[in-house]
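Numbering (full-length UniProt numbering), first residue to last: 1 to 313.
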């Protein structure tokens with residue numbers, strides 16, 4: 001049976017890991033590189049190449065099937081990038097940023113929700129151009145410093161076509177150690193004083209979401225998404241629905257459910273997820289409540305190598 005876990009375990013883990021990570025940095029690091037299996041993935045959606053400002057200074061751009069987020073006022077020029085898109089998309093992301101903030105712009109920092117291929121696929125290209133710091137949760141560091149591959153995607157998992165072909169998705173680590181820093185332990189967000197970060201594990205060990213309490217705007221990463229991400233048809237058309245994390249890459253369904261419960265308790269007014277269109281208001285609230293209460297049926301697949309099927313309490 002699923003039970004809400006004590007979140008202090010994540011805080012203790014953070015305290016244990018951070019000093020080791022900072023102390024490991026040294027001047028003779030290996031050069032930055034994308035993963036050894038980094039390759040163009042031929043997937044798209046009708047929203048690819050389009051961006052939307054959903055709140056003043058909160059803008060998201062769809063890169064094939066994933067959202068990157070730019071937070072900042074174009075009139076002032078200071079901004080932060082959240083996530084780094086699909087493989088071989090660096091030029092498109094730079095062009096999108098310059099269209100929004102002006103030629104020659106660069107963010108003050110890049111924040112990573114997690115290190116899966118569709119969220120870091122072009123980060124080395126961006127860092128070669130911008131030379132800015134990157135912040136992530138310490139539990140993601142092994143996958144971002146060349147030390148450890150993610151578990152392989154599961155093409156046997158119950159789901160649609162995008163799950164069945166998931167064996168082609170990259171899972172090897174990248175190395176951006178020379179630019180990588182841990183998110184502040186106190187939950188503050190570099191470059192974004194009105195926001196806080198929230199540990200959101202399940203889909204990946206160190207996944208984080210971002211929340212602005214003043215207007216209850218949530219950037220949920222892949223903790224939950226607003227499209228059924230394993231369905232080719234629904235991804236292509238970006239059909240809106242509150243759904244669980246992508247099935248083919250989620251390895252800890254207990255933690256994933258716990259994360260959804262905690263995010264639902266924030267009562268977000270608007271969400272931008274890692275995949276799908278933004279949602280807000282009553283439709284978001286009802287969809288997220290339903291997912292939280294019936295997570296096992298809606299989100300957890302009936303079979304797959306990372307699945308231990310349980311019932312919600």
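Built from N, CA and C at the ideal position, the CB exists for glycine as well.
In whole angstroms, what is the alpha-carbon distance linking residue i and residue j?
i: residue 85; j: residue 294; result: 31 angstroms
i: residue 67; j: residue 221; result: 9 angstroms
i: residue 315; j: residue 61; result: With the chain running from 1 to 313 in the structure shown, residue 315 is simply not present.
i: residue 24; j: residue 178; result: Confidence at residue 24 is low in this model, with a pLDDT of 47, below 50, so its placement is unreliable and the value that follows should be read with caution. Whole-angstrom Cα-Cα distance: 11 angstroms.
i: residue 136; j: residue 292; result: 26 angstroms
i: residue 274; j: residue 65; result: 9 angstroms
i: residue 134; j: residue 74; result: 21 angstroms
i: residue 82; j: residue 299; result: 25 angstroms
i: residue 142; j: residue 31; result: 16 angstroms
i: residue 125; j: residue 92; result: 11 angstroms
i: residue 39; j: residue 304; result: 25 angstroms
i: residue 268; j: residue 145; result: 33 angstroms
i: residue 289; j: residue 264; result: 7 angstroms
i: residue 22; j: residue 182; result: Residue placement at residue 22 is flagged as unreliable, the pLDDT there being 47, under the threshold of 50; the coordinate-derived value follows with that caveat. Distance between the alpha carbons of residue 22 and residue 182: 8 angstroms.
i: residue 101; j: residue 276; result: 24 angstroms
i: residue 55; j: residue 41; result: 31 angstroms
i: residue 109; j: residue 165; result: 33 angstroms
i: residue 252; j: residue 98; result: 38 angstroms
i: residue 70; j: residue 57; result: 8 angstroms
i: residue 278; j: residue 238; result: 10 angstroms
i: residue 147; j: residue 297; result: 35 angstroms
Could you give the C-beta distance for residue i and residue j, rounded to a whole number, given that I count them as a contact under 8 angstroms?
i: residue 176; j: residue 249; result: Not a contact, Cβ separation roughly 20 angstroms.
i: residue 213; j: residue 227; result: Contact doesn't hold; Cβ gap of about 26 angstroms is too wide.
i: residue 206; j: residue 138; result: 7 angstroms
i: residue 132; j: residue 107; result: 6 angstroms
i: residue 260; j: residue 224; result: 5 angstroms
i: residue 94; j: residue 129; result: 6 angstroms
i: residue 203; j: residue 256; result: 6 angstroms
i: residue 229; j: residue 162; result: 7 angstroms
i: residue 284; j: residue 45; result: Contact doesn't hold; Cβ gap of about 20 angstroms is too wide.
i: residue 111; j: residue 80; result: 6 angstroms
i: residue 160; j: residue 231; result: 4 angstroms
i: residue 280; j: residue 270; result: 4 angstroms
Taking the beta strand (DSSP E) that residue i falls in, what are its first and last residues?
i: residue 71; result: 66–72
i: residue 52; result: 51–55
i: residue 271; result: 270–273
i: residue 210; result: 208–212
i: residue 259; result: Careful: residue 259 lies outside any beta strand (DSSP E), inside the alpha helix (DSSP H) at 253–264.
i: residue 80; result: 79–82
i: residue 120; result: Looking at the DSSP string, residue 120 is not in any beta strand (DSSP E); the run it does join, the alpha helix (DSSP H), is 117–120.
i: residue 221; result: 217–221
Going by DSSP, what residue range makes up the alpha helix (DSSP H) through residue i?
i: residue 141; result: 141–144
i: residue 203; result: Here residue 203 belongs to no alpha helix (DSSP H), and DSSP marks it neither H nor E.
i: residue 297; result: 295–298
i: residue 96; result: 90–101
i: residue 124; result: 123–130
(request) Say whether the segment 170–184 touches the segment 107–124, bearing in mind that this needs 3 or more beta-carbon pairs closer than 8 angstroms, one atom from each stretch. (result) Touching, yes.
(message) Quick check: the segment 237–245 against the segment 183–194, are at least 3 beta-carbon pairs closer than 8 angstroms?
(response) Below 8 angstroms, too few C-beta pairs join the segment 183–194 and the segment 237–245 to call them touching: fewer than three.
(request) Please confirm if the segment 35–50 is in contact with the segment 79–98, defined as three or more CB-CB distances below 8 angstroms between the two stretches. (result) Cβ pair count under 8 angstroms is three or more, so yes.
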